[in-house]
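Okay, structure first, notes after.
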Amino acid sequence: MDAKTGLFYVFAALMLFAASKVITARNPVHAALYLVLAFFQAAAIWILLKAEFLAITLVLVYVGAVMVLFLFVVMMLDINIDSMRQGFWKHFPLAGTVGAIIALEMSYVLMGGFREPPKAANAVGQIGAQVSNTKELGKVLYSEYIYPLEIAAVILLVAIIAAIALTLRERKDSKSQNPSEQVRVKRADRVRLVKMKSVMPESVAPLVEEKKA
72 MDAKTGLFYV FAALMLFAAS KVITARNPVH AALYLVLAFF QAAAIWILLK
122 AEFLAITLVL VYVGAVMVLF LFVVMMLDIN IDSMRQGFWK HFPLAGTVGA
172 IIALEMSYVL MGGFREPPKA ANAVGQIGAQ VSNTKELGKV LYSEYIYPLE
222 IAAVILLVAI IAAIALTLRE RKDSKSQNPS EQVRVKRADR VRLVKMKSVM
272 PESVAPLVEE KKA
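In terms of this note's numbering, the sequence shown opens at residue 72 and continues consecutively.
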């Protein structure tokens with residue numbers, strides 16, 4: 072067994088351990104931290120498979136953004152775990168059936184990869200060693216899948232606008248500026264210079280004369 076295979080088994084074992092702790096941990100914060108650990112192990116396995124782009128994307132998107140946001144939300148919410156676990160055994164048969172179906176589907180897909188002929192696998196490995204997967208992925212995204220990519224970008228933009236519109240609240244005591252009025256503002260309308268003669272008030276004039284005397 073070479074070093075690469077040994078590292079694969081180490082990362083895979085750590086990922087399975089972290090994944091099991093995600094569903095068995097009693098504290099939601101600990102479960103989120105174990106999920107972050109599982110993501111890091113999956114990224115390490117992808118690096119071993121020379122899929123650097125997927126590994127970096129997993130760390131930046133899921134660990135750096137989604138999981139950190141989820142962790143902050145879990146830490147801020149006051150979750151009563153005892154009340155959530157009251158109906159655990161009530162829904163356990165349905166959840167176990169769905170989990171078994173998903174496990175069978177995943178095993179069928181994974182076993183299909185082991186049944187591939189070794190020559191085709193070697194050919195793919197030789198091609199992957201010579202070509203940058205990030206470059207090829209970019210070519211495929213912006214050539215064959217350009218329309219799905221643009222549609223996904225528009226959907227994300229709509230989601231961002233909808234989130235801003237739903238959370239926007241106008242308050243009467245808050246001060247806000249109107250951009251259109253700011254654009255129409257001119258210096259002549261805002262600043263006015265007035266020339267006035269310097270006149271000393273009558274109440275101050277006698278005091279000044281007394282000081283001089």
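Ideal Cβ positions, reconstructed from N, Cα and C, are used throughout, including at glycine.
Per DSSP, reduced to three states, the secondary structure at R261 is helical. Minimum Cα-Cα distance from N98 among the listed residues L264, E123 and V145 corresponds to V145. Here DSSP, grouped into helix, strand and coil, assigns N204 to helix. If you keep only unbroken alpha helix (DSSP H) runs of at least 4 residues inside the segment 79-130, you get 99-119 and 123-128.
Under the 8 Å Cβ criterion, the segment 164-181 does not count as touching the segment 134-148, having fewer than three qualifying pairs. For L148 against V100, the beta-carbon gap comes to about 10 Å, at or over 8 Å, which does not count as contact. Contact between A103 and L129 does not hold, since their C-beta atoms are separated by about 16 Å, which reaches or exceeds 8 Å.
The criterion of a C-beta distance shorter than 7 Å is not satisfied by L208 and F110. Excluding sequence positions up to five before and after I118, its CB lies within less than 6 Å of the CB of A126, all in the same chain and listed in chain order. Per DSSP, the unbroken alpha helix (DSSP H) holding E221 starts and ends at I217 to T238. By the 16-neighbour rule on beta-carbons within 10 angstroms, M86 is buried. Counted as a single uninterrupted DSSP element, the alpha helix (DSSP H) harbouring M138 occupies residues M138 to M147. With at least 16 other beta carbons inside 10 angstroms of its own, A115 counts as buried.
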